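In structure tokens form, the structure reads like this:
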């Protein structure tokens, strides 16, 4: 009798607590995004400092307090809710800040760099293929619309071509990257970046050192640069770019997460952690490394194309080594292999130096101190990738 | 933890100090103008010099009781990177309280941002970038420039050198937009003057050894070797010319006119000719007063080559705002019509592309210093140029 009652009530209760948990997770995510949106928009130094302090406190205390740990576990248990809440939050932020040119420009920049970071994640954090020419592939992406933008090819197709172009040019160094390991493979990509920049500089067809103008992105004949109102609302022409950037990141996020949870992700992890062991188990090292390298470069290229169209300008200098290192630092700072980490790190790396403009020439010092401090206190990044947990499989049950 | 908090405390202290320093002193309305330049990175010396000069102009203007408004300079750092430039340009231009801007030293950044200023209707005055296309590439009524372009430099170089009796030239330029542009405008202007270019060598800016190029030059026996590039290139070519025993005169664009060139090339620098679109400060009517005020203000960095231009641009903008009020459109119209404006760097006259008409000036390296040509022993005939 009692057992029957218990089994009778349990599902309902489970459903209720599950629902409560989901609500809690959504609230946490919405709160974090609201804070991020506010940081992006705020110009008052006091508010920026207070928000930064709040974020530092969150990252310091999240793992030290039991409530924080429980919140993290809860978020990990409901990834779907997290993603949905994030998407809704982003749309809400975009709707509220629809007229703020600068904030939306920064939002789009963050989204596009996070998309490029997703490509790098695939290469470096999953398959272990170093890529120190991220800015190079980003610039290749931007040169494609500069050349093809005015030819009447639909811009969505141009984005795809940009991705293919980045992947194809990446093919040029695929062989040396596969034949070398560690530092040597890294050197190959550095060399490629330098080579690409010199090539762009001496090539007059591609505008030479001065670079080229890139036409604005247009979707189904509607140029983003000319959008100044949607329905009854006045909007910034950066709003469609911010939304498109976020959509692109969502797509990249989806692809990377799907790959990670599939057998492909397992193969990547195996190849990265131990090449010999992986090949003993019948995995083709070259195939998986090449897959990651090409898909990753394609993602970086697409992000670069949209970025170029937004800025309206691309030049060889944007393919410099320093910018590649900035992309890498987004990866390292965010936590190798965690895409949400890449978003947070993009904000830190791209937005915070801009927020510190008021202190002029000292701003990069403070910024560098902040980055060093983060890595001192969180050596594996702000949000490290969760370890793959296959224990449930090993015990013979379902997850 | 403790250390973390201390860093934060330090940051907020610094920020508080900075924001207090900008507080207005009078009850006049405050008007904001932006300054954008490279405050960090390899070009920061010029950027900081420009920033200080502009800020000096604002302080002096505010101290003047005749000023209608209290001006506030809002400085931005473009890091000499086009993408960062577009970001800060958007930030400045979409801020409605900013009425005008003093913008950019790096040509690559200046050309990337012109669309942004045009789109948002922010009138700006370029204070240091020399690429002609910034003003001549489009017809944007927002973009003005107080400093000259490479065209002026190339024209002056061609005219001056041919007038000195030099007939044959070899050009060595670097492959950046700067070197290529300098080569183009020098070559274009040389032809009508009757000069003859025997050979042109395009080299990467960081090439170390010029033996191959210079051996060829030695065979051609030109009167002048013309450098279109920056100081490191000039130093290497000058010292290697000596080693190979090439007697030609060395002349170069403003890129080699630096203390670094004189130090690097040592005694071999003597007699090198260069062209720059600013005259020495002492030559300007207000030059001494500017230097005194600059020294009194206690800036840590020198005004550098383009500081006087930033100073003039700031004054030009503030006078325009005083006259028509803080309204972007009116200020733009006022700036567009600038004719005969008396500024530190001489009279400012904008042509139909809002480009200030300035002629370049000739300098010569004499006894370890860059000397304004009319003041030099060479012009007086006491010394002879090495190529003669």
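Chains as they are written, first to last, in the numbering used here: chain A, 189 to 587; chain B, 4 to 391. Even glycine gets a Cβ: it sits at the ideal position worked out from N, Cα and C. Note that the coordinates shown come from a computational prediction; the quantities given were computed from them, not determined experimentally.
- Taken in chain order, the members of the segment 282-299 of chain A whose beta-carbon sits within less than 8 Å of a beta-carbon on chain B are 288, 289, 290, 293, 294 and 297.
- At a cut-off of 7 Å, the C-beta of residue 526 (chain A) has no neighbouring C-beta in chain B.
- At a cut-off of 7 Å between C-beta atoms, residue 549 (chain A) counts as an interface residue with respect to chain B.
- Per DSSP, the continuous alpha helix (DSSP H) segment holding residue 300 (chain B) begins and ends at 290-300.
- Of all alpha-carbon atoms in B:284, B:131, B:336 and B:103, the one lying nearest the alpha-carbon of residue 110 (chain B) is that of B:131.
- Assignment of alpha helix (DSSP H) within the segment 106-185 of chain B, counting only whole runs of 4 or more residues, yields 110-123, 136-139 and 153-166 in chain order.
- Residues 256 of the same chain have their beta carbon placed closer than 8 Å to that of residue 249 (chain A), with the five preceding and five following residues left out of the count.
- In this structure, residue 159 (chain B) lies away from residue 185 (chain B), with their beta-carbon atoms at least 7 Å apart.
- The Cβ-Cβ distance between residue 91 (chain B) and residue 39 (chain B) falls below 7 Å.
- At a cut-off of 7 Å between beta carbons, residue 106 (chain B) makes no contact with chain A.
- Contact note: residue 505 (chain A) reaches chain B through 84, 85 and 111, using a C-beta cutoff of 8 Å and chain order.
- Distances from the alpha-carbon of residue 364 (chain B) to those of B:272, B:288 and B:161 put B:161 closest.
- For residue 469 (chain A), the number of other beta carbons within 10 angstroms of its own is below 16, and it is reported as exposed.
- For residue 341 (chain B), the secondary structure class from DSSP, reduced to helix, strand or coil, is coil.
- Chain B has no Cβ within less than 7 Å of the Cβ of residue 391 (chain A).
- DSSP places residue 367 (chain B) inside the beta strand (DSSP E), whose first and last residues are 364-369.
- In this structure, residue 570 (chain A) lies near residue 523 (chain A), with their beta-carbon atoms less than 7 Å apart.
- Only 413 from the segment 402-417 of chain A bring a Cβ to less than 9 Å from some Cβ of chain B.
- For residue 206 (chain A), the closest Cβ of chain B is not nearer than 7 Å.
- At a cut-off of 7 Å between C-beta atoms, residue 79 (chain B) counts as an interface residue with respect to chain A.
- Only buried fits residue 135 (chain B), as 16 or more other CB atoms lie within 10 angstroms of its CB.
- The beta carbon of residue 56 (chain B) does not come within 7 Å of any beta carbon belonging to chain A, so the residue lies off that interface.
- Using a CB distance below 7 Å, the part of the segment 535-546 of chain A facing chain B consists of 542, 545 and 546, ordered along the chain.
- Buried is the label assigned to residue 320 (chain B), since at least 16 other Cβ atoms lie within 10 Å of its Cβ.
- Between residue 285 (chain B) and chain A, the shortest Cβ-Cβ separation is not below 7 Å.
- Taking a beta-carbon distance threshold of 7 Å, residue 115 (chain B) counts as an interface residue toward chain A.
- Closest in C-alpha terms to residue 311 (chain A), from the list A:377, A:335 and A:466, comes A:377.
- Residue environment: residue 254 (chain A) is assigned as exposed (fewer than 16 neighbouring CB atoms within 10 Å of its CB, all protein chains considered).
- The C-beta of residue 398 (chain A) comes closer than 7 Å to at least one C-beta of chain B.
- Secondary structure of residue 257 (chain B) (DSSP, three-state): helix.
- For secondary structure counted as the beta strand (DSSP E) over 3 or more consecutive residues, the segment 181-256 of chain B holds these complete runs in sequence order: 199-206, 227-231 and 252-255.
- Rounded to the nearest whole angstrom, the CA to CA distance from residue 206 (chain A) to residue 214 (chain A) is 12 Å.
- One thing to note: residue 128 (chain B) has its Cβ within 7 Å of the Cβ of residue 149 (chain B).
- Cβ neighbours of residue 78 (chain B) within its own chain (closer than 6 Å, five residues either side excluded): 38 and 54.
- Beyond the five residues adjoining it in sequence on each side, residue 332 (chain B) comes within less than 8 Å, by CB distance, of 124 in the same chain, given in chain order.
- Residue 43 (chain B) reaches chain A at 549, 551 and 552, counting residues in chain order whose Cβ is nearer than 8 Å.
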